[in-house]
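Contents: one structure, followed by commentary.
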Amino acid sequence: MSAEMNASPPPRTTEFTNPPNYSFPTHRLAHVLRNPEKQPLVLVACGSFSPITYLHLRMFEMAKDYVRQNTDFEIVGGYLSPVSDQYKKPGLVSAYHRVNMCNLAAEQTSQWLMVDPWEAFQSYQRTAVVLDHFEHEINTRLGGIATANGGEKKPARIMLLAGSDLIATMSEPGVWSERDLDHILGRYGVLIIERAGADMDQAIDSLSRWRHNIHLIHQLVQNDVSSTKIRLFLRRGLSVRYLLPAPVVEYIEEHGLYTDDGLSKSAAAGAVAAEKEKGKEKEASTSTAAS
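Residue numbers (the UniProt record's numbering): 1 to 291.
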C-alpha cells in the first residue's frame with residue numbers, strides 16, 4: 001500500500017452550531033449490534049430531496065443488501081440530510097417543506113430511516129462537515145453502538161450514500177477540493193448507486209487513491225426517476241403517483257408545490273420567513289456588537 005494511501009485524512013470538525021430547538025434523531029437508531037463481530041455502520045444521504053422520490057428510498061435498501069452480502073458491517077441506522085436553502089439550486093423549495101416531505105416518506109414507508117434537519121436549517125454546510133456532525137453525534141455524544149445490552153461500545157462507521165452523479169462530479173478537476181475529497185473518501189467512504197447512462201469506471205479510475213473506500217452498487221432493476229423529472233411532471237400538470245410515496249404526493253398537492261419553476265407561493269413564503277428570521281438575528285448581533 002502506498003504512503004499516499006496511508007496518509008491521515010484531514011482532522012474532523014469538533015465544534016458545531018446547531019439550529020434552534022435542534023435535537024439529533026435517534027428513535028430508529030439500533031443502539032445494540034445484533035452480531036457483536038460486525039462493525040456498526042450508519043448511512044447518510046445528503047441531497048436536495050426536492051422532492052424525495054422512491055429512488056432515494058430504494059438507494060438505502062440496495063445499500064442494505066450490498067452491505068449484508070459483501071462487507072463486515074452491520075447497518076444500525078440510515079439518515080436523510082436535506083441541504084440548506086443556501087444551496088440555491090433550481091427547483092429547491094424551502095427546507096421546511098423538504099424536511100416535512102422527507103419525514104413523511106421515512107416515517108410512513110420505512111422502519112429504519114430517519115431525517116436529520118441539522119444541515120437543512122442553517123447556512124450551507126460542506127458534505128465533509130455534515131459527516132463530521134454525524135460522527136460527533138453518534139460516536140462522541142452517544143459513545144458508539146453497544147455490542148450487547150450494557151456491554152462495550154464500538155464506534156460506528158459513518159458512510160456517505162449517493163448516486164453515481166456525485167462520484168462523477170468528484171472526479172472532475174476543480175469541482176471538489178482535494179482536502180474535502182480526502183476527508184469524505186479517505187476518512188468515511190462512500191456507497192455509490194449506479195444510475196442509467198453513467199460511466200462509473202472512468203470516474204472511479206480518477207479517484208483510485210481512495211478506491212478501497214468506494215463501494216459501487218449496481219442497480220438490478222433500472223430506475224431513472226429523478227426529482228427533476230418529478231418537478232417537470234408537476235409543472236405540466238401530470239400525475240406523479242406511484243413515483244413518490246403517497247403521503248408526499250398529498251403534501252405537494254396540499255401546499256401547491258412545484259406548480260411553476262419549482263418555487264410555489266407557499267415555498268416562497270417559507271423562504272421569505274427564513275430571510276426575515278436571519279435578518280432579525282443579524283440585527284441582534286449588530287446591536288450587541290455596537291453595545
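We put the CB at the ideal spot given by N, CA and C, even for glycine.
All figures in this text were calculated on a predicted structure; none of them were measured in a lab.
Which stretch, first to last residue, makes up the alpha helix (DSSP H) that contains residue i?
| i | result |
| --- | --- |
| residue 97 | 95-109 |
| residue 190 | First-last for residue 190: 190-193, but that is the beta strand (DSSP E), not the alpha helix (DSSP H). |
| residue 255 | 246-255 |
| residue 230 | 227-235 |
| residue 204 | 200-205 |
If we ignore side chains and look at the alpha-carbon of each, how far apart do residue i and residue j end up?
| i | j | result |
| --- | --- | --- |
| residue 179 | residue 10 | 7 angstroms |
| residue 192 | residue 67 | 12 angstroms |
| residue 162 | residue 190 | 7 angstroms |
| residue 16 | residue 131 | 12 angstroms |
| residue 141 | residue 237 | 47 angstroms |
| residue 264 | residue 151 | At residue 264 the pLDDT is 42, less than 50, meaning the model places this residue with poor confidence; the figure from the coordinates comes in the next sentence. Going by the C-alpha atoms only, they are around 51 angstroms apart. |
| residue 91 | residue 82 | 14 angstroms |
| residue 167 | residue 176 | 11 angstroms |
| residue 136 | residue 218 | 31 angstroms |
| residue 21 | residue 206 | 42 angstroms |
How about residue i and residue j: are their beta carbons less than 8 angstroms apart?
| i | j | result |
| --- | --- | --- |
| residue 170 | residue 41 | no |
| residue 19 | residue 117 | yes |
| residue 188 | residue 231 | no |
| residue 84 | residue 23 | no |
| residue 111 | residue 119 | no |
| residue 293 | residue 63 | No answer is possible for residue 293: it lies beyond the span of the chain, which begins at 1 and ends at 291. |
| residue 148 | residue 184 | no |
| residue 104 | residue 78 | no |
| residue 157 | residue 39 | yes |
What residue range is occupied by the uninterrupted beta strand (DSSP E) comprising residue i?
| i | result |
| --- | --- |
| residue 157 | 157-163 |
| residue 215 | 214-217 |
| residue 113 | 113-115 |
Please give me, in chain order, every unbroken run of the alpha helix (DSSP H) with length at least 4 that falls completely inside the segment 21-105.
List check, alpha helix (DSSP H) in window: 54-70.
Given 8 angstroms as the limit, is there contact between the segment 90-98 and the segment 43-53, that is, 3 or more CB pairs closer than that?
Verdict: yes, contact present.
Evaluate contact between the segment 23-38 and the segment 57-76, counting only Cβ atoms and requiring at least three cross-stretch pairs below 8 angstroms.
Three or more beta-carbon pairs drawn from the segment 23-38 and the segment 57-76 are found closer than 8 angstroms, and the two stretches are therefore classed as touching.
With three or more C-beta pairs closer than 8 angstroms as the rule, is the segment 240-251 touching the segment 51-64?
Yes, the segment 51-64 is in contact with the segment 240-251.
With a cut-off of 8 angstroms, do at least 3 Cβ pairs link the segment 223-232 to the segment 200-213?
Using a C-beta cut-off of 8 angstroms, the segment 223-232 makes no contact with the segment 200-213, since fewer than three inter-stretch Cβ pairs fall below that distance.
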